[in-house]
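Notes follow once the structure below has been shown.
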Amino acid sequence: MTANTKTSLSLFDAALVRPALWAAFAKLNPRTQWRNPVMFIVYIGSILTTVLWVHALSFPGDTGMKPAFVLAVTIWLWFTVLFANFAEALAEGRSKAQAASLRGLRKDTWAKKLQEPHHGAQWLPEQAPNLRKGDVVLVETGDVIPLDGEVIEGVASVDESAITGESAPVVRESGGDFSAVTGGTRVLSDWLVVRISVNPGESFLDRMIGMVEAAKRQKTPNEIALTILLVALTIVFLVVTVTLLPFSIFSVEAAGAGTVVSLTALVALLVCLIPTTIGGLLSAVGVAGMSRMMQANVIATSGRAVEAAGDVDVLLLDKTGTITHGNRQASAFLPAPGVTKARLARAAMISSLADETPEGRSIVELARREGLEPTPVEGARFVAFTAQTRMSGADLPAAPNSLDTDPVLLRKGAVDAVRRHVEAIGGTAAPEVLRAAEEAARRGSTPLAVAEGNRVLGIVELKDIVKTDIKERFAELRRMGIKTVMITGDNKLTAAAIAAEAGVDDFLAEATPEDKLALIRQYQSEGRLVAMTGDGTNDAPALAQADVAVAMGSGTQAAKEAGNMVDLDSNPTKLLEVVETGKALLMTRGSLTTFSIANDVAKYFAIIPAIFISTYPQLGALNVMRLASPSSAILSAVIFNALVIVFLIPLALKGVRYRPVGAAALLRRNLAIYGLGGLLVPFIGIKLIDWLLVAVHLV
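This is the structure we're talking about:
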């Protein structure tokens with residue numbers, strides 16, 4: 122993606138941090154805090170300790186706690202809330218920066234709108250904001266397409282780099298799967314007649330901006346389930362904490378000695394024991410997941426789609442462009458009777474010198490492997506490929522000593538197009554050539570005919586080559602428990618051969634839209650989550666049915682509306698990256714949850730003995746950290762509880778690095794790193810903070 126559409130801001134860039142700091146304070150609004158139940162408890166606790174501090178200042182002897190200590194606890198409780206707000210605001214800020222860069226692509230342009238007065242049709246200028254769905258406009262060379270639409274006439278080369286970041290132009294033409302055009306893109310050659318398919322404000326670019334706005338994000342089912350779990354844990358700890366005060370009062374009265382635990386200490390205990398770490402970062406993790414999809418040039422319409430990508434266990438993959446290169450490669454020269462392979466290769470090579478398509482370059486490369494060098498021919502006039510002729514080639518000057526002064530016409534293209542060209546100038550195509558073309562087609566290859574003058578010299582066989590690394594990728598997916606299914610229109614023999622070479626688990630040959638839809642429903646009826654890609658109108662029903670549906674940005678409007686993700690790069694292989702990003706999101710959430718719950722155990726050993734040691738001196742045995750004093754222990758635990766959120770912000774926003782491992786191995790890894798780490802880090806962190814507080818005489 123270009124710099125226009127993809128922000129390159131670093132994680133803690135000043136352009137993100139400053140607005141996030143202000144937003145952290147703005148999010149102190151109770152209506153905002155209420156949306157995060159765990160942090161709302163911390164918010165209420167901060168207010169309560171603030172009141173207790175004011176009371177301690179007014180009545181120093183009543184609370185039993187020094188006002189300075191109550192103030193210190195209060196400040197760090199507020200910091201805990203602010204740090205959680207900051208994490209969420211920073212994640213939202215990255216998405217808003219991406220949205221702002223997309224807004225910069227929107228331009229109010231003029232268009233040539235079709236008017237139909239009584240005396241005939243006319244193309245009259247009209248501003249893009251005044252266009253409406255159903256209007257017809259003419260877009261010529263150099264013009265910017267005003268709004269999204271469908272090509273109803275013409276063929277043109279279109280620069281879509283502003284949207285996709287790809288510098289290579291694409292061909293857009295009426296009919297088929299490449300008739301959709303996007304507002305803001307530019308026509309480089311020829312012309313198009315476009316029927317506008319959206320109203321202003323409803324274009325693809327407008328939807329992209331809305332999709333990446335963090336404010337539009339809804340909680341995903343897994344996130345809701347985790348929130349319920351966190352709320353349940355919070356309620357348990359809240360009930361336990363509330364009951365500790367009457368127990369403390371009873372114990373002091375019964376023993377006739379000791380000190381009743383203070384409300385400030387109980388609030389500190391509650392905040393340290395509830396899962397504030399994951400509670401404070403949970404929303405940031407979800408927002409960052411959508412942001413990482415955007416960085417991969419994929420627009421997710423909702424957080425649900427990102428999360429579902431991490432849970433899919435069946436991938437439906439088109440053969441062309443995903444499993445195979447899609448840009449067909451020349452594999453063999455098949456000469457006609459009486460024609461040498463060298464002569465055919467030379468004619469095919471010269472015809473392809475000006476052909477910059479992958480197919481054209483592969484023909485030149487194949488000729489080089491046959492011993493020919495692509496040297497320019499003096500005086501040659503190259504003929505570019507057009508959608509109308511379906512041929513390219515070169516007009517060579519006649520040989521110096523030849524009696525025939527007419528140029529030699531070399532043509533390369535579709536077999537039927539070349540045959541018509543040859544017949545138009547008095548020649549014919551040999552039956553052996555047509556038979557060779559049919560056999561190549563039956564093998565799943567694409568035949569191209571090559572002609573010199575009025576004679577067809579032979580066939581160039583183009584084969585769709587299986588990608589070199591795709592088999593390893595499928596093996597990784599298999600280890601993760603994901604089944605891969607190749608979908609192709611090839612016959613069953615060709616499909617089986619390619620499926621075996623690529624290493625997919627299954628295939629669907631001679632696939633129709635109905636077949637794809639039925640296959641998806643079959644897997645879903647077995648309780649599986651299905652992901653697929655598509656770009657055509659005929660893919661729309663299957664995309665709408667799939668749990669994760671990635672529509673190509675170059676595809677039709679129907680496909681993009683049916684999918685819940687849009688790949689701006691129009692790269693079908695991106696589905697694998699989408700799944701990996703979704704799994705990284707789930708891994709990040711699971712890792713932070715493991716760490717958060719584990720470090721609560723360590724904080725228990727720091728704060729419980731400190732709070733109740735005056736009531737139950739025997740609890741001093743639990744002071745395994747050997748903290749300096751009860752007030753130091755409480756304050757150290759509160760400070761650590763706040764700072765750990767800050768230190769985990771980069772992990773929450775960048776995510777845990779994806780590794781293709783199974784669920785059991787992933788669980789062991791999480792327990793070893795984040796579970797054990799969550800137990801050990803608080804012991805180290807709280808002890809260091811305790812030393813620092815003692816060293817500077819703050820306790």
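Every number in our numbering is 121 more than the matching position in the sequence shown, counting from 1.
Just so it is clear, CB atoms sit at the ideal spot from N, CA and C, and this is done for glycine as well.
- Within its own chain, the residues whose Cβ lies closer than 8 Å to the Cβ of Ala466, once the five positions on either side in sequence are excluded, are Phe454, Leu487, Ala488, Glu491, Leu493, listed in chain order.
- By the criterion of at least three beta-carbon pairs nearer than 8 Å, the region 552-571 is not in contact with the region 594-602.
- Collapsing the DSSP output to three states places Thr230 in coil.
- Counting only the Cα atoms, Val669 lies some 19 Å from Glu597.
- Contact annotation: the region 374-385 does not touch the region 415-422, with fewer than three C-beta pairs closer than 8 Å.
- Residue pairing by DSSP puts Asp280 in a beta bridge opposite Arg307.
- Shown here, Pro458 sits in coil according to DSSP, grouped into three states, outside any helix or strand.
- Residue pairing by DSSP places Ile317 opposite Gly270 in a beta bridge.
- Taking the Cα of Lys637 as reference, the smallest distance to any Cα among Asp811, Leu437, Val817 is reached at Leu437.
- In the structure shown, Leu814 falls within a helical segment according to DSSP collapsed to helix, strand and coil.
- Burial is judged here by how many other beta carbons sit within 10 angstroms of a residue's own beta carbon; Lys681 has at least 16 and is buried.
- For Tyr164, the closest of Arg215, Arg253, Val202 by C-alpha to C-alpha distance is Val202.
- The criterion of a C-beta distance shorter than 8 Å is not satisfied by Thr633 and Thr658.
- Our two residues, Gly798 and Leu792, have alpha carbons roughly 8 Å apart in a direct line.
- The Cβ atoms of Phe506 and Ala515 lie no closer than 8 Å to each other.
- In this structure, Val745 and Val699 do not form a Cβ contact; the two beta carbons are roughly 46 Å apart against a cut-off of 8 Å.
- Under DSSP, the beta-bridge partners assigned to Lys604 are Val435.
- Here Ile770 is buried. Its C-beta has 16 or more other C-beta atoms within 10 Å.
- If you look at Leu531, you'll find it in the beta strand (DSSP E) that goes 529-535.
- Note that the region 644-657 does not touch the region 385-398; fewer than 3 beta-carbon pairs, one per stretch, sit closer than 8 Å.
- At least 8 Å separates the beta-carbon of Thr303 from that of Ile162.
- One alpha carbon belongs to Ala727, the other to Ile755, and they sit about 7 Å apart.
- Ranked by Cα distance from Gln154, the options Phe207, Trp197, His176 are led by Phe207.
- Here the alpha carbon of Leu211 sits roughly 13 Å from the alpha carbon of Ile766.
- Taking the Cα of Thr441 as reference, the smallest distance to any Cα among Tyr725, Leu772, Gln666, Ile619 is reached at Ile619.
- Spatial neighbours of Lys462 in its own chain (CB-CB distance under 6 Å, excluding positions within 5 residues in sequence) are listed in chain order as Phe454, Pro456.
- Between Ala630 and Ala661, the C-beta gap is not smaller than 8 Å, which leaves the two residues out of contact.
- Under the three-state reduction of DSSP, Phe503 is assigned to strand.
- When Cβ pairs closer than 8 Å are counted between the two stretches, the region 304-318 is seen to touch the region 271-282, the count reaching three or more.
- Assignment of Glu477 by DSSP, reduced to helix, strand and coil, places it in the coil class.
- Taking C-beta separations shorter than 8 Å and ignoring five residues to either side along the sequence, the partners of Val291 in its chain run Ser278, Val279, Glu281, Phe299, Ser675, following chain order.
- In the DSSP assignment, Thr549 forms a beta bridge with Arg576.
- For Phe595, the secondary structure class from DSSP, reduced to helix, strand or coil, is helix.
- The beta-bridge partner set that DSSP reports for Pro246 consists of Lys233.
- Apart from the 5 residues on each side of it in sequence, Leu351 sits with its Cβ closer than 7 Å to the Cβ of Val159, Pro396, Ile399, Gly400 in its chain, given in chain order.
- Considering only Ala785, Ile794, Ala249, Ile760, the residue with the shortest C-alpha distance to Leu809 is Ile760.
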